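Take a look at the structure below.
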Amino acid sequence: MINFGSGPAAIPLAVKQKIQESILVHQDTGLSILELPHRGEVIQNIITKAGQLVRELLELPDDYHVLWMPGGGRLQFHMLPLNFLNPTQQAGYVISGHWAQQAYLEGVREGKTQILATSEAINFAALPYWSVQTTDKNKIENLSYIHYCSNNTLYGTQFQQFTKIPGVPLVVDMSSDLFTRDLDFTQFDMIYAVAQKNLGAAGVTLVIIKDDFLERAQSHMPDILSYKSFARSNSTVNTPPVFSIFASLCMLEWIREQSTKALYQKNSEKAQLLYSYLETSQIFELIASKGSRSDTNVCFRLVSRSLHETDEVIAFAAAHGITGIKGHRFIGGFRVALYNAITKDDVEKLIAVLSLYETEKS
Ligand code: PMP
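Under our numbering, the first residue of the sequence shown carries the number 8, and numbering increases by one thereafter.
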């Protein structure tokens with residue numbers, strides 16, 4: 008089966024084999040990766056090495072901390088304001104979809120927040136943009152941070168640029184597109200990404216945080232909810248999700264072997280192939296507007312919007328070895344994730360199957 012699911016998502020065979028080996032016996036330890044003590048040298052080295060690889064692949068300087076945290080994306084939505092939304096300040100949110108909105112709602116729980124832009128009125132089919140010059144002054148005064156979600160998995164939209172205010176930290180949820188494309192990552196003060204999309208197994212979230220931003224985090228809070236505690240303890244505040252961190256390390260090593268440059272080039276070719284087909288299809292239409300479209304998640308639906316026929320397409324695809332294309336339950340239609348483990352051949356196979364369905368229908 009080719010898995011186009013948006014997370015948990017496809018993992019390259021070589022990575023799965025490497026993980027399989029270590030589940031039996033990890034290197035020369037005589038123990039499974041699942042049995043090794045988390046404060047022992049082997050696991051501590053895995054955590055450190057994974058962090059070094061993250062910095063290397065994203066070309067980040069040494070003043071970025073790499074943390075591995077439990078609790079998924081949703082915990083980050085809450086930890087961010089908990090740690091950084093100072094009572095005398097406010098936080099700015101750009102609402103480009105469901106996940107950005109969930110992050111905002113957790114901000115609202117913790118303090119004063121401002122919506123800097125939203126495209127909710129058009130059901131997030133295009134990205135919301137804003138500029139410092141045209142935004143109400145009181146909305147952008149005294150901000151603790153600005154939060155973006157770079158790739159909106161549900162609708163297939165993706166930011167290429169992020170509006171910045173000098174001196175205001177920029178925080179980005181890159182759960183679905185970190186390690187899929189090139190950006191200047193030093194523009195961000197904090198990046199977070201759940202692992203189950205491009206980075207291995209669910210259960211861990213990668214958090215990258217710049218030293219001077221981390222300095223501003225609240226110090227008096229439970230250790231398990233404190234970025235500072237995670238930075239101080241090499242992500243070992245409690246027993247870390249060792250297996251998921253190891254799976255992330257295997258993915259990172261695979262990404263380095265492939266080279267980010269080659270992967271990113273392939274990713275844009277994969278997206279172009281699929282968009283070209285969908286733009287000319289007679290029965291499918293794209294959900295995201297041109298100019299906002301993502302190279303990482305492609306969302307589309309039947310022109311007829313028939314739910315029955317949508318299920319028929321999903322069953323037809325499954326009968327031809329393709330799974331994971333069902334759209335998110337809030338949006339319907341179809342959603343195809345083109346993460347790193349998906350090859351150009353996989354995309355060509357998908358296009359062939361969708362075309363075959365289309366021909367049989369007409
Ligand atoms: N952010 C984005 C961009 C997502 O696509 C998702 C969904 N996996 C989340 C956050 C939420 O992640 P989790 O289910 O780990 O809380």
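Positions of the beta carbon are idealized from the N, C-alpha and C atoms, including for glycine. This structure is a prediction, so every number in the text was calculated from the model and none was measured.
Thinking residue i and residue j are a contact (beta carbons under 8 angstroms), I'd like their distance in whole angstroms, please.
i: S301; j: T164; result: 6 angstroms
i: Y155; j: V179; result: 5 angstroms
i: F11; j: L232; result: Wrong, their Cβ atoms sit about 35 angstroms apart, outside the cutoff.
i: F84; j: R223; result: So it is not a contact: roughly 19 angstroms between Cβ atoms.
i: Y100; j: L123; result: 7 angstroms
i: A295; j: A132; result: 6 angstroms
i: P19; j: W261; result: 6 angstroms
i: L281; j: V305; result: 5 angstroms
i: A359; j: T303; result: Wrong, their Cβ atoms sit about 22 angstroms apart, outside the cutoff.
i: I53; j: F253; result: 6 angstroms
i: L161; j: I338; result: 5 angstroms
Tell me the rounded alpha-carbon separation between residue i and residue j.
i: V61; j: V73; result: 8 angstroms
i: A110; j: D35; result: 43 angstroms
i: Q194; j: L363; result: 44 angstroms
i: F341; j: L361; result: 11 angstroms
i: E286; j: I102; result: 27 angstroms
i: R336; j: Y136; result: 26 angstroms
i: E148; j: P176; result: 13 angstroms
i: R46; j: L31; result: 20 angstroms
i: G331; j: A322; result: 11 angstroms
i: Q279; j: N245; result: 44 angstroms
i: Q289; j: E367; result: 12 angstroms
i: E355; j: Q96; result: 50 angstroms
i: I172; j: E264; result: 37 angstroms
i: P229; j: K23; result: 36 angstroms
i: Q167; j: E48; result: 40 angstroms
i: R116; j: E42; result: 39 angstroms
i: G104; j: L150; result: 22 angstroms
Which residue's Cα is closest to the Cα of residue i: the options?
i: I50; options: L259, A295, P248; result: P248
i: A57; options: V354, I294, L150, A202; result: A202
i: G79; options: Y346, L361, A107, L213; result: L213
i: Q121; options: A128, E127, L112, I129; result: L112
i: S266; options: P15, E63, I26; result: E63
i: L256; options: M8, R116, I26, T170; result: I26
i: H327; options: N274, A107, D353, G37; result: D353
i: N274; options: P229, A348, R116; result: A348
i: N205; options: D196, W75, D184, F192; result: D184
i: Y346; options: D70, Y71, F220, Q272; result: Q272
i: M258; options: N145, A209, Q167, G174; result: A209
i: G334; options: L314, L221, K268; result: L314
i: L309; options: I329, K146, S240, E365; result: E365
i: P77; options: E319, S369, T243; result: T243
i: P94; options: N158, G118, T187; result: G118
Identify whether residue i lies in helix, strand or coil by the three-state DSSP scheme.
i: T170; result: coil
i: Q165; result: strand
i: Y152; result: strand
i: W75; result: strand
i: N274; result: helix
i: F11; result: coil
i: N245; result: coil
i: L123; result: strand
i: N130; result: coil
i: D352; result: helix
i: T212; result: strand
i: D189; result: coil
i: M197; result: strand
i: A224; result: coil
i: Q97; result: strand
i: E66; result: coil
i: T322; result: The amino acid occupying residue 322 in the given sequence is Ala; Thr does not appear at that position. DSSP places A322 in helix when its eight states are reduced to three.
Hey, is residue i's beta-carbon within less than 7 angstroms of any beta-carbon in chain B?
i: L314; result: This model lacks chain B altogether; it includes just one protein chain.
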